[in-house]
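Taken in order, these protein sequences are the chains called A and B.
If you read the first sequence in our numbering, its first letter stands for residue 1, the second for the next number, and so on.
If you read the second sequence in our numbering, its first letter stands for residue 1, the second for the next number, and so on.
Note that the Cβ used here is the ideal one computed from N, Cα and C, for glycine as well.
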Amino acid sequence: MAGEPETTRANDPEHPTQGARGMVRFLGLVVLGALIGGLAALSAVGFVSAVLWLNDVLLISPRGRMMFAHPEALAIATVLVPTLGGLVVGQLHRAIRERRPHTPADVIAAVQTRRGRLPARAGVLSALSGLVSLGAGASVGQYGPLVHLGASLGSIGAKLLRLGRSDDNVAIACGVAAAIATAFHAPLAGIVFAHEVVLRHYALRAFAPVAAAAIVGHVIATNVLSSGTLFHVTDTAVPRPWEFAAFIVIGGLGALVAGAYMHAILAVGRWAGRLPVVPSLRPALAGAALGLVALWVPDILGMGQETLRFATIEGAFGGLELIIVMVLKLAATALCIGMGFGGGVFSPALVIGTLFGALCGTLIGDAGLAGDTFVFYAVCGMVAVTAPVIGAPLTSLLIVFELTGSYVLTTAALASVTLASPIAAQLFGRSLFDIQLARRGLDLSAGRGRALLQNARLKHLLSQDCVTLNPHDSVDDAVTALGNGGHGEAYLVDDKGRYRSSVTLADLEVMRGRNQGQRQVRDCPRTPRPVLGPEASVWDAMHQLQDVTGEAIAVVDDKAGDAFLGVVYEASIARAYLQYSEELRREEHGTG
Amino acid sequence: MARVDHIMRRACAGALLGLTIMLAPSTHGDEATAEPLTVLSWGGAYERAQQRALFDPFTEATGIPVEVQQYDGGIVELRQAVAEGDVTWDLIDMTRSQAKAACAENLLEPLSPELLAPAPDGTPAARDFVDGALNRCSITHSVFATVVAYRRDAFPGRRPTEIADLFDQERFPGPRALQRTPAVNLEWALLSYGVPREEIYRLLSTRRGLSLAFKRIDSLENLHWWEAGDAPVRLLAEGEVVMASGYNGRFFDAMINRDLPIEILWDGQVQEHETWALPRGAAHPDAAREFIRFATSSERQAALARLIPYGPSRRSATLQVTTHPDSGVDMRLHIPTHPLNAERAITKDDDWYARSHTRINDYFRDALLDERENSDSP
């Protein structure tokens, strides 16, 4: 539920004044951003190191597997580890209110509806679930849990400092930016991701703290995490002009792969709901299936960093092999996430996309067309699949740029993303997160203003200050009551507290004029008037107003036998609408 | 806890001994009475350099004579000696991978980093030593490297600059010689695909990575496999091959002392650590610890690196390396750890090899050696 609009005061902490005081406050926010960035970066470093360690110890990573001498025990571990990991994850999720791990989608929802205040308990448990899932080799990504962890830390920090919701949102964005900056060694991508995916605006007020967080994250990453960059590309080959056309086409096809990937995840989720298995045991089931297939194709275990690297090397996979590994990786990820493992969707998308790009490169190479540009195809495929999945074309491009330092490669990726993002957005939705949120009832496709109003509940606008009449009251009494109350409308509520209808003073006066003053008000002609449910949003109310001429709308709980709860005045609906819009405007266009 | 107490006691005793020595330089005269320290080392030019830079100065400073015995590596004799309770050496110069294996078998005494001297500028030893130098039972004193050397006259107008050139027989035609082991060859083969060095061992852990590496090595025409350490220099000298892998010390010797027209390609050099280790049950552990402190000081490390081209394990010592005292050759250009040479160095992953070498050897033999049995070096 969205928070209530905050009352406007002259020195409202939410709406800082200009000048020296505003600047000090703004600088404070920047310092807070840097602090949150440091915290988020350190936890990201801890998380990544723990996953690597678990993978080595639990015989998931190729290194751990190669250093282990007993092939039979290794095969048993391959099946057993993901299964047991699934069991643990299932139990962890039972302790979360929603019975599922929280993901970046929850972060986006909290920020877009200005609700903020991410729950600490669910944050910790989700991070733990991601850690166990990744450690046990589930085919999921690490960036989702890292983003959520960073966001939770930011929100907790804002809560401890008793900051307002706008600052809470900025703090969340800071945590997100630092997590991405640390995990990818890419501060620019971190900043843009926080704006592009989480905040969805570029206000200077948010930019400076987010940038501070990303820089701190980057500094920590370069000093603590010595390795772990995603790809180095040393090639300096330049693609021929026609190849850019190929990159654009790869973008279009990649959008379809991204769509298949997203819908596979959603479909497995729906299908899992119908399985006759307790939800907490479903991840274990997925783990067992994953382990069995991994005996044949170990590439699908874990995040797949080695597979990603090989996909950028020409000749590491045959054409058929690329298809098999790509399809299996897609299926394994859909199975793991759909069945309830905790973890992100980004790293598997990177692998699937790179395999897809490598497939395109192999086909073009087999046709004798391409030169030394294999890695360009791999990267184009990667961007074409990942950008639509996370709904972040700019971030994907920046990741390529910051990780390779190659301008030519970034231009190629740009060609690919120009077609990938719009096609996927038209066919499937802005991102997997947005699709998931839409299915949970939060539609972000029409922008933040509407989502905010759709999530803002009417309850706090509810007023008891109205005239209620018993249907058996006389018209004369009704007119007197309305006159005393100073209202033009009254609501008929029967002995059991049920709402019957509403009458206007005008209609009652007409009856009295016809000497019908002794008749009961229920005989009064009624104008059909819409009512609102207690869970109705400000957005619904605004829509009802278009058809209503009157001073207020009755709020009726139809689940409790049409119980009359009160009324919402038109004036307060309009005021709430203006206030929400004003807050958004301040948050998104404020400078400090 | 018992072990910690033990270490503490040893360390205190060592420090006390050091103090006594420092306070009483007159022990110099009592040489005959001090019991000699027996060091097991590798012989040859290496031992001569150690004699000059480490053993003689140690005796001079402490009055403890040093006796040297030679071996060719391996821990079989050590294992036997410890089992029989008849350890005749006080100190062993061993590779880090063997020291780790011996440590795991409980054949070595633990060594505390506390016993090491700080750098001349006061930097604590733990920060002055290169990464991975301080292990539970061994302390790295030098870093040596396996590198590629090529004949200067083989490729008129161009010279190899990166390790991928080893496999590029179009631009750099001619026979090659590689060591008949998977180690180093696999690393170079994957590097030639543009794989970053941090990922080498992770990728070599997959079947796909191994087969890519084998494919690269298998693509070499006219390949000689060498086994004895002096073979690469001989093959290059005789013109049998134009590029060969080998130990940097041997190539240095051939270039400087024998004036062979060869050059070292430092790109992709694979570094290994040479360490000091104390065998369990040695007769003079305190004197041995005192020796380690002496021999790993920045000054002594730099003195050793001026005689043989092995990189000091201390950053402060690397900076002090200058010219060879006799020939005047600038030794900085020849040690593996010099920043210019170490730009794209790989540190051999001892743990990975220690635990996977049987399988890797099998894969290597199956993929490359069977069909090439006859092309062995003469």
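When 8 Å is used as the limit between beta carbons, GLU535 of chain A is near no residue of chain B, the shortest such separation being about 52 Å.
Between the alpha carbons of LEU203 of chain B and PRO261 of chain B lies a distance of about 36 Å. For SER501 of chain A, DSSP records a beta bridge to A:LEU492. Taken atom to atom, the span from the alpha-carbon of PRO336 of chain B to that of ALA81 of chain B is near 34 Å. The distance from the Cβ of ALA282 of chain B to that of ASP90 of chain B is about 5 Å, consistent with a contact at the 8 Å cut-off.
Counting along the chain, no alpha helix (DSSP H) covers PHE55 of chain B, and no H or E run does either. Chain A places no beta carbon closer than 8 Å to that of GLU84 of chain B, leaving this residue out of the contacts. Here TYR407 of chain A is exposed: its Cβ has fewer than 16 other Cβ atoms, across all protein chains shown, within 10 Å. Residue ranges of uninterrupted alpha helix (DSSP H) with 4 or more members, entirely inside the segment 246-306 of chain B and ordered along the chain, are 248-252, 285-295, 298-305. Following the DSSP letters along the chain, one finds MET94 of chain B in no alpha helix (DSSP H) but inside the beta strand (DSSP E) bounded by residues 91-95. Looking from the CA of ASN55 of chain A, the closest CA among A:ALA109, A:GLY22, A:GLN142 belongs to A:GLN142.
The three-state secondary structure of PRO528 of chain A, taken from DSSP, is coil. For PHE564 of chain A, the enclosing beta strand (DSSP E) has its first and last residue at 563-569. Taking a beta-carbon distance threshold of 8 Å, PRO62 of chain A counts as an interface residue toward chain B. The segment 325-374 of chain B contains, as complete alpha helix (DSSP H) runs of 4+ residues, the segments 350-364 (chain order). The Cβ of GLU72 of chain A sits no closer than 8 Å to any Cβ of chain B. Here GLY497 of chain A has ALA563, PHE564 as same chain residues with Cβ atoms under 7 Å from its own Cβ, once five neighbours each way along the sequence are excluded. Beta-bridge pairing by DSSP links TYR150 of chain B to B:MET243, B:GLU263. With contact defined as three or more Cβ pairs closer than 8 Å, the segment 300-307 of chain B and the segment 182-196 of chain B are not in contact. Assignment of beta-bridge partners to ASP106 of chain A by DSSP yields no partner. Under a 10 Å Cβ-count criterion, PRO283 of chain A is classified as buried, with 16 or more other Cβ atoms of the shown protein chains found around its own Cβ. Bounds of any alpha helix (DSSP H) do not take in THR468 of chain A; it lies within the beta strand (DSSP E) bounded by 467-469. Within the DSSP bridge table, the entry for GLY344 of chain A names A:GLY141 as partners. Counting along the chain, the unbroken alpha helix (DSSP H) around TRP539 of chain A starts and ends at 538-545. In this structure, A:ILE313 is the residue among A:ILE313, A:ALA109, A:HIS148, A:LEU146 with its C-alpha nearest to the C-alpha of VAL379 of chain A.
Counting only Cβ-Cβ distances below 7 Å, GLU306 of chain A has contacts in chain B at ARG202, LEU203, THR206, in chain order.
Taken in chain order, the members of the segment 358-371 of chain B whose beta-carbon sits within less than 9 Å of a beta-carbon on chain A are THR358, ARG359, ILE360.
Here the alpha carbons of GLU67 of chain B and PRO36 of chain B stand approximately 6 Å from one another. A residue is called buried when at least 16 other Cβ atoms come within 10 angstroms of its Cβ; ALA194 of chain A meets this threshold and is buried.
Sequence-distant partners of VAL147 of chain A (beyond 5 residues in either direction) whose C-beta falls short of 6 Å from its own C-beta, in its chain, are PRO104, VAL176, ALA179.
When the five nearest sequence neighbours on each side are left out, the beta carbons in the same chain lying within less than 8 Å of the beta carbon of SER205 of chain B are those of TRP352, SER356, in order along the chain.
Within chain A, no C-beta atom comes nearer than 8 Å to that of VAL184 of chain B; the closest sits roughly 17 Å away. For ASP230 of chain B, the three-state secondary structure derived from DSSP is coil.
When B:ARG197, B:ALA154, B:GLY157, B:LEU134 are compared, the shortest CA-CA separation from ALA164 of chain B is found for B:ARG197. Residues of chain A with a Cβ closer than 8 Å to the Cβ of VAL195 of chain B are, in chain order, ARG309, ILE313. DSSP lists B:VAL143 as the beta-bridge partner residues of GLY311 of chain B.
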